[in-house]
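Chains as they are written, first to last, in this note's numbering: chain A, 411 to 1105; chain B, 4 to 521; chain C, 232 to 451; chain D, 274 to 457.
Built from N, CA and C at the ideal position, the CB exists for glycine as well.
Encoded as structure tokens, the structure appears first; notes follow it.
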Amino acid sequence: MFDATLVLIVLVAIHLAGAVAVYLTRQESLLTRQLNGIFGIAGGVMALILALIGLQRNLPGSGSTVLLSLEGVMPFAPLEFTLDRLSSFFLLLIAVVGIPVSLYSIDYMREYVSHPDQPGAHAYNLGLFGVAYQIFILSMILVVLASTTFTFLFLWELMALASYFLVVFEHRHRDTQEAGTLYLIMTHLGFVALFIGFMLLSGPALVGNTTLSFSELRISALALPSTQRDIVFLLMFIGFGSKAGMIPFHVWLPQAHPAAPSPVSALMSGVMIKLGIYGLLRITLDLLGGGPGWWGGLILVVGGASALYGILYALVDHNLKRLLAYSSVENAGIILLASGAALVFWSAGNTALATLALVGALYHILNHGVFKSLLFMGAGAVLQSTHTLDMESLGGLIKRMPWTALFFLVGSVSIAALPPFNGFVGEWIILQSLLLSLALPSQGAHIFLTLGLGALALTGGLVAAAFVKAFGISFLALPRSAQADQATEAPRLMRWAMGINAVLCLLLGLLATLLLPALQGISRAYLGPDQPTVGLAISGLEVRTGTDFGSLSPLLLGILLALLALIALWGLRLAGINELTRRSMTWACGRFTLSPRMEYTATAFANPLKRIFAFLYQPVRALTIETPGASPHFAQDISYRNPVRLWFEEYLYGPVARGIVWLARRASLVQHGSLHLYLTYILSILVILLVLTRG
Amino acid sequence: MLLLLLSIPLLLALIIWFLPASLRVLQLAHVVGATLLLTAGIGLFVQTYGGAVPTALNELLRVDLLSGLFVLLITLIAWIVGLYTIHYLMVEHQEHGVSLRGGRQFYFLLNVFIFAMLTAVTANNVGLMWVAVEGTTLATTFLISFHGTRAALESSWKYVLISSVGIALALIGTILFYFVNVQAGSEAEHALNWTSLRSAATSLNPEIVRMAFVFILVGYGTKMGLAPMHTWLPDAHSEAPAPISGLLSGVLLNVALYALLRFKIIADLRLGGAYTGNLLLGMGLLSLLVSAPLILNQTNFKRLLAYSSVEHMGLICLGLGFGGVFGTFGALFHVLNHALNKSMLFMLSGNILQRYQSTRIPAIQGLLGLMPWTGALWLLGILGLIGLPPFAIFASEFAIFRAGLTGGSALHLVVGIVGLILLSVIFAGFVAHNSPMVYGDPPEVMLAKDPPDVPPTGVGENDDPPVYPLWHTLREKLTWATAPLLLNLGLLLIMGIVLPPFLRETLQRVVLLLGGGS
Amino acid sequence: MLTSDGFIRILNLLSVGVLVTGMLILWRRSLLSAVQIFGVQSLLLALMAVWIAFYTGAAHLYLIAFLVAAIKAVAIPVLLSRIIRRLDVYTEIEPYIGVATSLLVGAGLVVVAYFVMQPVADATNLPTHNALPLAFAMVLLGLFITVSRKKAVTQILGFLVLENGIFMLAVLATYGVPTIVEIGVFLDLFVGILIMEVLVYRINQTFESVDTHVLDELRG
Amino acid sequence: MWDMIRKIRQVGILTEPLPPFPAEYTQQDPQVELVGGELQQRTRILLGRSLHIRQVDAGSDNAAELEIIALGNPYYDMERFGLHIVASPRHADCLMVTGPVTRNMALPLLRTYEATPDPKIVVAVGDAARDGGIFRGSYAIIGGVDQVVPVDLYIPGDPPTPLELLTGMLIALDRYRGKSSRRE
């Protein structure tokens, strides 16, 4: 067996060495990219080992082990790293997503090497990318292991900084700069909330104490007055929620994800935003040890709202990566919803259901990590090949990049929660837990949970629509632009990386029963044994919820589906259908050529839903017709735009930012340039302070 | 060692006055002198670290660990600035018509300035300390108006008048301390000595001590750049030549802080920490409050940095005001971090100004592309300055706010949270100003193939599009203009991740000292 | 040896004289006469120092008195008069605050000074203690002059009045601070005034005015 | 969405109940019923569903169209006899082509023919479709549907009446049967 501490040290060494090595190699060489990928993979493997050690550990309670404790690095804050089950699970997530993404980045990043005909014109420094990349992964790994306040917050901000550098990597674009700025500011605001939260968590019991380690906080949190606990919870909820992308703090996400290079988007969406969930679970389950029912209710409601909001905006957004980013808001919402439900159940004393919901949340975290990174990698492959993400100029890629299309399809099916892929199992468990919630005695909880159930169901339908659009418009039919027409299949390593994730999507769907007991173990470590009945039972290949309420055998289901498909094919063959097939041109109402302008567009696809939800989108219609001549009937150029309103940007952040700037402009008059005014300040403050002192 | 330390800059000033007129020779002399000074500074620090408290001139000078720390800081930054001037002045000389006489004057005043600062932090006699602090004002006035532009003159007039008036108030405070000390029965000859004040501290008249501290706070606070007495600071720091800005912001403010600390120790011994603490909290919060909107609205990057100095001095005051082990420790740590970080940024701003010929933020684009060294250092410096890890300011701000938020005092909690919110505003301002400067492509004119004929005139004064000589379009190499600053960044990085044990112990001992220990 | 009563009377008389000169500076618009009044004030301070030295036997105060007389009563007025003549600015036109109001504010500042300095005056049983608030009133008056007057020369004058107030405070409260410090203070003051003079010349050259309200280009 | 719901609530149900049907309207044309009944029987036997027709206007003067449309009116109501007009040749068993195939419509007609799955029959409706009719000799026409696609049946007339059309379709069904049985 490996020694966990040793693994951790090796892991840190690998990433640091990686950062140095990548920086030292020639910036534009293949070696740079290879080293970056290899070190990333090696680190990921170490993280995987660590995760497996942690998950296997058969210790009572939360089963935590201190891996490393460095006293006196900062006199006011020792560094300490602890491995427990929750950390192990998130380590698993980082490794599972990190390894393929690192592999993917080797071929993907050649995009940023300058072209021979334009030396240095638009080259970006891959060495610096490597440094930020390694530090980013390292800080994510360490942040889930951190077990003192300083360690945690330090790494949390370091993670933000590293990801900021990655987001602004393509810094020549104005949009990217602005996305980076917004991201950094939003994440810092979240950090401030976290900082205050952690400080308030420490409470009066720890005034003289120097470590503020989690184990101390756990004890001091119990002694806090309940209002303070509530405030701490709210601050933490805001802080972690803003990282997870919950509304109304999600605004950075749809901007940062499209701006970042695709491997980074995959990592940020697949892993980093989950660390917000990690923090929230760590605080509510572990450090605060649960709370009143409204905590969970709040998380549930905000989660449900995020899920709906996210998917509704994903539907009407035609930038492939931004669509995926909104979909991340949605999935973070689903995870929050499930976590909130778990807390509600827990506070009601029904640990059986709480475990069920939490297992669902955890499983969805892993699943989303896998399929969202797959989808981002797919989008990256499309971007690399066509240099555009606008769906209205894509299309027909299934012929030109069949593998990418296949993998993207797998990702889309998974995210739409269709069996036998992994998304289905996670959402099924979450739905089961909500359906079983009638067992709770409280009426109030019913309202919340029913709302959550409705939100989840509606979301599920809309996700399918959104991804039908994403896949259908981008990959099927004819290419809508020359770039899309000239697209070529993604390079080999990128295909492998996507393939790994696609296979994982399938395996996590079919073999869910192998992993679920581990998640059950994590949940029970915090929630306690199932009460009053069994929430989630796993026997062999079958998952059962409640007392014979529902059951699912993903593997059998998968085999059944496959058999059905085979039977159908076989039946068709028997009926001789294939022989009757006649190939002819696509029917185009007798026209001679098919043109992409005849195709269904993403806008058109989304329009019915846009009209149904017009009360939300409040679409703005802008029709401009250019008529160069005197007659208004001969239009030269007609442009029609129908953008949706971004509520939070328009009605919340915009006014607040403008208000602050307005105030600041007023306040700047203090420095008005007059020497006499300045001297008056001194005279006034002197007299005021003296009189105050006398008084 | 103590007298040696003080004599080096004084002698150097004299030597420079009589040296033959060649910039290279002047620079060589200064760099050698600065290196010797650094050595002496380290020597003195090591001595005090070992527990010695050297005194000189009939206890007129006395160096304990607190002084030792500041001596180390001054000599270190002065050394880095000295190295930086090599490239900076050469460019000024070759391109902006700075005469050899000007160069000599520059180095002469620079050394007088350093001498005055070192005297201020080694003086035991608080009267002498006052004289030295006022001396720094006088030495720097002409350094600030070095470029002789309208703005430079305006700023130096404001600087000299506001600082003199402010410092004069500190003299009143000093006299009042002397007065109460004599009243308490101390020997008149030594009653201005800090050691005498401290030993008599508990028997001083509390009401007058309270009043005297107000004078001290307003007086040295002016020099330190606390709002609302900070008004000279953005003008002076933005108009001074870059190395001088670096020294002003990085060190001089801290010298004023040092003077304030000395009196705070005495006042605290008599009044308990709450009185001075609350005053400092008030001033600190006011400084944050004043600097936040001005940072958000800033269009001049040197003024941006200057207001950030107001902010950071405010933060240090908050740390001292919160008190306790962490607050004071954090404040002291922050002094070091801010000095290293801000001096680096001011010197970088000099590089940017020389290359882009403008101090306007919108005029600066594509820094990373055009000046990779300066740009990268600037970017990291700014990110460090606004408190992102792994740079050291994160750690010190953590300690400061930890002290405020976990102290159990409702007032501290409120001040801490308001402070954090203001810091977020400042953070947003910096990030928003910074990214268009650093990223993107340089302006078109900077990439012109043909060299313009007209040499550039003035330095960032008017809004006319500046004219660039050919070398301005070349990619920057590592030169004396950036190489010394790598040291700053390296130190910030190291201190942000692992505080070196000797520094940690120093700071802890100084914290005890500030608490009234010996 | 004089009685303490007589000593105090004369001391108070001198103090009041100093305050009156301070008020006169506020009142006069002619810069030259303001400078002369400042000279008189400094002379009164020197006399005060001599008087205290004579009464208490504090020998170092003689030296200080000499320095005050030499620097503040002679050298600096000469320097300032030279600036006034060279730059041809003889009157303070349109100060920010009019003469009448200035005098009222001055009176108010004296009251504030009394209020603030009462504990200091109460804390000591020195014969000089009654005059202490007057010294602080001078400080506030000096600050007020710098605040309310536009000409650079008047601002320098205000600063000097402030310095005189501090000096008076030191002399009255503690019979002067130790000589070395006092000498240092004088050195700083003298160099400071020289620097300000040079700056005034340069400002006059560059801005073609010594009205300091033109110096407001650096904002925000 | 709210708008929609509001609208539904505000407007209510607008349709009225059907008035009683006068007896004389129910009189039927025995000829039509005869031919139609035959058609209905045959389609049911032959296809087990309706015969799907795609109508192609290859440059007609719309006379034939009017008659074809008349087939759909309540009097004839051809759908009850198993004739169904569809929107795409992909769904059609039969192409009903009218007009003297103009040059511009030649290729689309061919495409339509290609797009129609086998077995299929082509019915040329009207004199113009047979040989150009009154347009014969015009430079703009090719002249007759059989110049472009193979025609299984001509229904003459300028234009043919609905009853002629129905009768023609009866014959067309025979042709269709011949084609589908050949394939087997």
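Just mark residue i as buried or exposed, buried being the case when its beta carbon has 16 or more other beta carbons within 10 Å.
{"i": "G686/A", "result": "buried"}
{"i": "H797/A", "result": "exposed"}
{"i": "P244/B", "result": "buried"}
{"i": "A975/A", "result": "exposed"}
{"i": "Q436/C", "result": "exposed"}
{"i": "Q853/A", "result": "exposed"}
{"i": "T1037/A", "result": "exposed"}
{"i": "L214/B", "result": "The question names Leu, but residue 214/B is Met in the sequence shown. It is buried - the Cβ of M214/B has at least 16 other Cβ atoms within 10 Å."}
{"i": "L973/A", "result": "exposed"}
{"i": "I775/A", "result": "buried"}
{"i": "K280/D", "result": "exposed"}
{"i": "S235/C", "result": "exposed"}
{"i": "K480/B", "result": "exposed"}
{"i": "V342/C", "result": "exposed"}
For a cutoff of 8 Å on Cβ pairs, would you count residue i as touching chain C?
{"i": "V1071/A", "result": "no"}
{"i": "V1101/A", "result": "yes"}
{"i": "L1085/A", "result": "yes"}
{"i": "R1104/A", "result": "yes"}
{"i": "Q1081/A", "result": "yes"}
Keeping to the same chain, check which residues put their C-beta closer than 8 Å to that of residue i; ignore five residues upstream and five downstream.
{"i": "Q544/A", "result": "H425, L426, G428, A429, V432, N446, F449, G450, G453"}
When you compare the CB of residue i with every CB in chain A, is at least one pair closer than 8 Å?
{"i": "R450/C", "result": "yes"}
{"i": "G463/B", "result": "Unreliable placement is indicated for G463/B, whose pLDDT of 44 sits below 50; the coordinate value is still reported in the next sentence. No, G463/B does not count as interfacial toward chain A."}
{"i": "R177/B", "result": "For the sequence presented, residue 177/B should be read as Thr rather than Arg. So no, T177/B is outside the interface."}
{"i": "D447/C", "result": "yes"}
{"i": "L380/D", "result": "yes"}
{"i": "D431/D", "result": "no"}
{"i": "N114/B", "result": "no"}
{"i": "H444/C", "result": "yes"}
Is residue i close to chain B? Criterion is C-beta to C-beta, closer than 8 Å.
{"i": "Y1088/A", "result": "yes"}
{"i": "E567/A", "result": "yes"}
{"i": "I1095/A", "result": "yes"}
{"i": "F269/C", "result": "no"}
Once you ignore the five residues that flank residue i on each side, which residues in its own chain have a CB closer than 7 Å to its CB?
{"i": "P439/B", "result": "Q368"}
Output needed for residue i: all residues of its chain with C-beta closer than 6 Å, excluding positions within five of it in sequence on either side, in chain order.
{"i": "G419/B", "result": "F404, G407, L408"}
{"i": "E837/A", "result": "A827"}
Strictly under 8 Å for the Cβ-Cβ distance: is residue i near chain D by that measure?
{"i": "G1000/A", "result": "yes"}
Name the residues in the region 853-865 of chain A whose C-beta lies less than 8 Å from a C-beta of chain D; which are they?
-> none
Scan the region 414-429 of chain C for residues whose Cβ lies nearer than 7 Å to a Cβ of chain B and list them as they occur along the chain.
-> G415, V416, D419, V422, G423, I426, M427
Contiguous alpha helix (DSSP H) assignments of at least 4 residues, all confined to the region 231-257 of chain B | 235-242, 245-250
Enumerate, from N- to C-terminal direction, the unbroken alpha helix (DSSP H) stretches of 4 or more residues contained entirely within the region 344-398 of chain C.
-> 363-379
Complete alpha helix (DSSP H) runs within the region 1006-1085 of chain A (minimum length 4 residues, chain order) | 1012-1022, 1024-1027, 1064-1077
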